[in-house]
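Since the structure comes first, as structure tokens, the remarks are kept for the end.
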Amino acid sequence: MGATLTYKDVYMKKTKKQHYVPRCYLENFSIPGTYQINVYDKQLESSRINSINDVASENYFYDIEFSNVLNDDLIKEINNIGISISSLDNEQYIEHYLAEAIESDFSKLLSDIIGRAKSSTPWYIKNCFFVSEEQKLNLSICLAVQYIRTKTVREGILESSDCMLQALEDMNASCELKDSMRITKENLKLIHGKMILDKNNLFDMVKSFNRLSWILGINKTAKHFYTSDTPIGTKAHLRHPLLSMAGLNSEGVEVFFPISPELILIMYDGNYHKEIASKDRTYVVISLEDNVDYYNSLSVLRSHRCIFSDKSDFSLIEEMVKRNPLIFENTTTTELLWGGKTYRPQG
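Be aware that the sequence shown starts at 772, since it is given in our numbering, and climbs by one per residue.
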């Protein structure tokens, strides 16, 4: 993959508004002819139109003290390309790394997939792959980074700490132990930043995505796919009395990633979904609106706060709220099973 860290030219300019879902991806869901997007806000239970610049972002979201995440491998990489550590913009290292080393490749891969799908004939859809094996691996890298860079993951770290502290309290653990497990909002950024830059963690996640069987769904219905501020979601197809079965490595898991209003990448555990395993990297035509509703409802449920669309029709969400007025009251999936008891975040 061409994800070479181009440090020399990118660390001078300060970036205030930092996206945890890249604009190059959100542009695929823009209102035609504009740089705007339709937004449904679960917290406000209302819709609006925003500039793509102003969604899935926060001011200085990734800014941390760079020296706190430096390790020997990272120092070696930077020294190998002749850059002085002191010359880098410490606080904005992660923001520039994501923009230059990841998003440029991500944008090209998605554009290639969209372009081939748009020009594909029925014969091509039936007989050809939508990505090569090399492209699948490269896109797995981008997906792994996207999966861990979101606000949902950051909030999940805090929620996990909350659950652990409840369990330790029930165990009458020492104050020292509880303090060591306590995560404050001040050091939450640092922990999240270390996750993003942890190569071992990233490589494991890349392997998780790459081992799945990939299908590209082409939407031929009048409805369009949504996306959200947490664009990669999972769906468990098995239940376990103690464990979550919605992880990337869970048996039977289904992973989805809307690429555009007309395309969705669906990834399956091929060992469980055996009928899919032999169809890795192939196309499938989606002709039923119920199938579009299925993935759109999952996007709604897995989102942190906002759902995005090129169309202003959020009637599916309105119907979900009508059926269950409390559907957005507590959307966290974080829980800890300890000593026969289930702990959930208390906020």
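C-beta atoms are modelled at their ideal positions from N, C-alpha and C, and glycine is treated no differently.
Where Cys1077 is concerned, there is no enclosing alpha helix (DSSP H), although the beta strand (DSSP E) around it starts and stops at 1077-1080. Burial is judged here by how many other beta carbons sit within 10 angstroms of a residue's own beta carbon; Leu815 has fewer than 16 and is exposed.
Looking at the DSSP output, Asn809 sits in a beta bridge with Ile820, Ser1080. With fewer than 16 other Cβ atoms from the protein chains shown falling within 10 Å of its own Cβ, Phe974 counts as exposed. Here Met935 really is in contact with Met952; their C-beta atoms are around 5 angstroms apart, less than 8 angstroms. When DSSP states are grouped into helix, strand and coil, Thr923 belongs to the helix group. Counting only runs that start and end inside the segment 964-1028, the beta strand (DSSP E) elements of at least 3 residues fall at 984-990, 1004-1006. By the Cβ neighbour-count rule, Ser911 is buried, with 16 or more other Cβ atoms within 10 Å of its own.
For Met1038, the uninterrupted beta strand (DSSP E) run begins and ends at 1034-1039, by DSSP. Under the criterion of beta carbons closer than 8 angstroms, Ile885 and Ile1030 qualify as touching, at roughly 7 angstroms. Fewer than three Cβ pairs drawn from the segment 997-1007 and the segment 1047-1056 lie within less than 8 angstroms of each other, which leaves the two stretches out of contact. In this structure Ala872 is buried. Its beta-carbon is surrounded by 16 or more other beta-carbon atoms within 10 angstroms. If only uninterrupted alpha helix (DSSP H) runs of at least 4 residues are considered, those enclosed by the segment 856-915 are 864-868, 875-890, 893-898. Taking C-alpha positions only, Lys879 is separated from Cys913 by approximately 11 angstroms. Rounded to whole angstroms, the separation of the alpha carbons of Gln863 and Ile823 is 21 angstroms. Residue state for Tyr1066 is assigned as helix, using DSSP reduced to three classes. Spanning the alpha carbons of Thr892 and Val1056 requires a straight line of approximately 12 angstroms. In the three-state scheme derived from DSSP, where H, G and I count as helix and E and B as strand, Glu1089 is classed as helix. DSSP places Glu1106 outside both helix and strand once states are collapsed to three, so it counts as coil. Excluding five sequence positions before and after Lys788, the CB atoms of its chain that fall closer than 7 angstroms to its own CB belong to Asn824, Ser828, Asn830, given in chain order. Pairing Leu881 with Tyr796 gives a Cβ-Cβ distance under 8 angstroms. If you look at Glu829, you'll find it in the beta strand (DSSP E) that goes 828-830. Lys788 sits in a strand when the DSSP states are folded into three classes. Ranked by Cα distance from Ile1035, the first of Tyr1066, Lys1006, Asp1061, Glu1090 is Tyr1066. For Ala938, the CB contacts under 8 angstroms within the same chain, skipping 5 residues up- and downstream, are Leu1107, Trp1109, Gly1110, Lys1112, Tyr1114 in chain order.
Tyr806 sits exposed, since fewer than 16 C-beta atoms from the chains shown fall within 10 Å of its C-beta.
For Ser1074, the CB contacts under 6 angstroms within the same chain, skipping 5 residues up- and downstream, are Ser999, Asp1000, Thr1001 in chain order. As computed with DSSP, Thr1053 is found in a beta bridge with Phe900, Ile986. An exposed status is given to Met942, since fewer than 16 other beta-carbon atoms sit within 10 Å of its beta-carbon. A residue is called buried once 16 or more other Cβ atoms fall within 10 Å of its Cβ, and His1011, having fewer, is exposed. Annotated three-state conformation of Ile835 is coil, per DSSP. Listed in chain order, the non-local C-beta contacts of Gly927 below 7 angstroms within the same chain comprise Thr1105, local neighbours out to five positions each way being set aside.
Assigned with DSSP and collapsed to three states, Ser951 falls in helix. CA-CA distance, Arg887 to Asp933, rounds to 46 angstroms. Tyr1043: not part of any beta strand (DSSP E); DSSP gives it neither H nor E. With a contact defined as Cβ atoms closer than 8 angstroms, Lys994 and Val1063 qualify at about 4 angstroms.
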